[in-house]
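The sequence shown runs 284 to 749 under the numbering used here. In this text, a Cβ means the ideal position worked out from N, Cα and C, and glycines have one as well. Structure, as structure tokens:
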Amino acid sequence: MIMKKIANLLLVSVIAGAVTLSGYKLFFEQQSFIFSDSPTVPVTTASFMNTSAKGAGINEVDFTSAAETTVNAVVHVKNVAINSGPKSLMEFLYGYETEAKPQLRGAGSGVIISSDGYIVTNNHVIEGASQLQVTLNNNTTYDAELIGSDPNSDIALIKIEADHKLPYLTFGDSDNTKIGEWVLAVGNPFNLTSTVTAGIVSAKARSLGGTNQSFLQTDAAVNPGNSGGALVNTNGELIGINTAITSQTGSYVGYSFAVPSNIAKKVIDDIVEYGNVQKGILGITPIPINSSLAAEKGIKNIEGVYIDIIEEDSGAYDAGLESGDIIKKIDEIKTLNFPDLTGYLATKRPGDEVKLTIERKGETMEIPVTLKERQTIVLPIMDLEVKNLNDKDRKEFRTKKGVKIVGVSERFEGYGLEGKILLSIGDKEINDINDAKVLFGRITRYGNTSITMLNKKGERERIILQ
284 MIMKKIANLL LVSVIAGAVT LSGYKLFFEQ QSFIFSDSPT VPVTTASFMN TSAKGAGINE
344 VDFTSAAETT VNAVVHVKNV AINSGPKSLM EFLYGYETEA KPQLRGAGSG VIISSDGYIV
404 TNNHVIEGAS QLQVTLNNNT TYDAELIGSD PNSDIALIKI EADHKLPYLT FGDSDNTKIG
464 EWVLAVGNPF NLTSTVTAGI VSAKARSLGG TNQSFLQTDA AVNPGNSGGA LVNTNGELIG
524 INTAITSQTG SYVGYSFAVP SNIAKKVIDD IVEYGNVQKG ILGITPIPIN SSLAAEKGIK
584 NIEGVYIDII EEDSGAYDAG LESGDIIKKI DEIKTLNFPD LTGYLATKRP GDEVKLTIER
644 KGETMEIPVT LKERQTIVLP IMDLEVKNLN DKDRKEFRTK KGVKIVGVSE RFEGYGLEGK
704 ILLSIGDKEI NDINDAKVLF GRITRYGNTS ITMLNKKGER ERIILQ
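In structure tokens form, the structure reads like this:
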């Protein structure tokens with residue numbers, strides 16, 4: 284039995300020796316004096332504008348109109364938590380009760396997307412908040428309500444109640460954004476009011492930290508406090524939500540990353556309409572195409588997504604996709620790598636049909652695929668996404684009980700949990716996702732809670748939550 288011990292789950296970090304794309308820092312201004320456990324409408328949001336950004340030579344670019352529009356629609360978001368630390372000596376000895384004082388946990392930015400006060404920001408900006416406060420560019424402050432959030436895309440929706448219509452930004456089409464296009468990053472770095480910086484789009488469909496999420500990369504200067512701020516084109520259209528930077532110091536060193544607006548808008552629309560994010564699942568496990576795989580499989584062109592495994596009962600399975608197929612396009616959008624594919628799929632829902640252009644044994648063919656809904660739940664405390672076992676899982680792991688981990692939160696990425704089977708919590712067996720949800724829901728603190736898992740070698744592993 285392999286023993287593993289996770290010490291402080293809220294402070295897990297991966298430290299790289301050099302600035303790389305796998306070592307990035309979320310630029311949420313974290314205060315060091317307080318910790319907060321992670322917690323987690325009809326409404327019409329801003330309309331979707333399917334307009335291409337205007338091309339302009341360097342001498343023709345005018346940022347003033349876009350900047351003037353954007354600064355008044357970008358807000359300062361304060362995450363306030365109630366300090367639930369140990370009682371004072373007087374409280375302990377004499378039972379005196381003192382009122383718990385709210386303390387600032389951190390601060391970030393947000394973007395107003397409707398005149399009635401709906402605001403998009405990053406999930407990591409609002410995570411763990413007891414109270415949320417929003418300050419407009421004119422220094423007016425409001426209490427905010429959390430409408431919903433999605434840790435996977437790092438997008439959250441909050442709302443303020445104002446007695447007048449608010450300025451807001453219109454969504455642009457991030458798929459039409461071009462590499463080399465001029466952009467503005469607007470946020471509240473270092474607790475300043477709305478600040479504007481300029482740069483160009485350096486890359487699209489960029490993945491970070493070993494994840495397959497798709498980001499826009501830009502060289503516009505962003506710093507702590509910019510999380511949740513706006514990335515706009517020269518038309519003043521919102522094309523991204525600033526989310527991460529590459530840095531060893533926590534400050535800007537050359538590149539920043541934004542959630543594309545098409546993904547952010549889809550997440551927000553799902554939260555408003557369904558209360559959660561509707562994920563259209565293709566149902567494949569890919570392998571990156573490199574020179575070794577190309578030589579082994581006789582692949583002439585390394586561009587594309589190589590399918591290794593097809594999930595049973597998935598859209599890919601029903602459509603007749605096969606292991607060894609290479610996805611070249613999805614709905615006429617080139618898939619040079621997996622983030623290209625996942626970035627597009629993140630804008631789709633279960634039941635949507637996509638057209639895949641694939642290469643199979645040297646032949647090119649088009650296959651329509653209807654995306655399905657993966658029957659999963661996200662477990663509290665550890666934020667693990669799990670699903671019930673199918674026949675293939677039971678045979679492979681030689682077990683009839685348990686649930687399979689199909690997704691992990693960022694803080695658990697380095698522990699190799701994805702793909703393993705959760706068998707029990709303490710002495711309570713897990714039969715299905717309903718058992719897992721109930722048992723994880725009873726965990727109120729990490730101390731002395733053990734979780735038993737099964738890996739593909741048939742070995743049992745145990746995690747001790749502390």
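| Item | Value |
| --- | --- |
| Range of the contiguous beta strand (DSSP E) that encloses Asn717 | Segment Ile716 to Gly724 is the alpha helix (DSSP H) holding Asn717; no beta strand (DSSP E) there. |
| Residues of its chain near Ile726, where Cβ-Cβ distance is below 6 angstroms and the 5 sequence neighbours each way are ignored | Ile664 and Thr732 |
| Environment of Tyr557 [buried if 16+ CB atoms lie within 10 Å] | exposed |
| Local conformation of Leu419 per DSSP, three classes | coil |
| Nearest-angstrom beta carbon gap, Ile409 and Ile443 [assumed within contact, 8 angstroms] | In fact, because the Cβ distance is near 13 angstroms, the residues do not count as touching under 8 angstroms. |
| Buried or exposed (CB count within 10 angstroms, at least 16 for buried), Val394 | buried |
| Ala504 - DSSP class collapsed to helix/strand/coil | coil |
| For Thr501 and Leu429, the rounded distance between their alpha carbons | 29 angstroms |
| Length of the line joining the Cα atoms of Ile285 and Gly709 | Since pLDDT at Ile285 reaches only 39, below the 50 mark, its modelled position is unreliable, and the value read off the structure follows with that caveat. When rounded, the distance between both Cα atoms is 16 angstroms. |
| Beta-carbon separation (whole angstroms), Ala349 vs Gly508, contact threshold 8 angstroms | Rounded, the Cβ-Cβ distance is 21 angstroms, inconsistent with contact. |
| Candidates Ala412, Lys684, Lys612 and Tyr600, of which the one nearest Gly587 by Cα | Lys612 |
| Contact with chain C by Val394, beta-carbon distance below 9 angstroms | In summary, chain C is missing from the structure at hand, where a single protein chain is found. |
| Terminal residues of the beta strand (DSSP E) in which Asn406 lies | First-last for Asn406: Asn406 to Ile409, but that is the alpha helix (DSSP H), not the beta strand (DSSP E). |
| Cβ contact (3+ pairs, closer than 8 angstroms) linking the segment 593-610 and the segment 638-654 | yes |
| Same chain, Cβ closer than 7 angstroms to Ile570, neighbours up to 5 away in sequence not counted | Leu576, Tyr589 and Asp591 |
| Leu705 - partner residues in DSSP beta bridges | Val686 and Met736 |
| Alpha-carbon to alpha-carbon, Asn673 and Ile438 | 31 angstroms |
| Which of helix, strand or coil DSSP assigns to Ala390 | strand |
| Where Lys675 falls: helix, strand or coil (DSSP) | helix |
| Where Ile554 sits in the DSSP three-state scheme | helix |
| Ranges of the beta strand (DSSP E) found wholly within the segment 428-476, counting only runs of at least 3 | 438-443 and 465-470 |
| Sequence-distant residues of the same chain with beta carbon closer than 6 angstroms to Lys448, five excluded per side | Ser398 |
| Glu668 in three-state terms, based on DSSP | strand |
| Residue from Pro633, Leu467, Asn471 and Arg489 whose Cα sits closest to the Cα of Gly482 | Leu467 |
| Local Cβ density within 10 Å of Pro472, reported as buried at 16 or more and exposed below that | buried |
| Straight-line gap, Ala427 to Ile441 (C-alpha atoms, nearest Å) | 6 angstroms |
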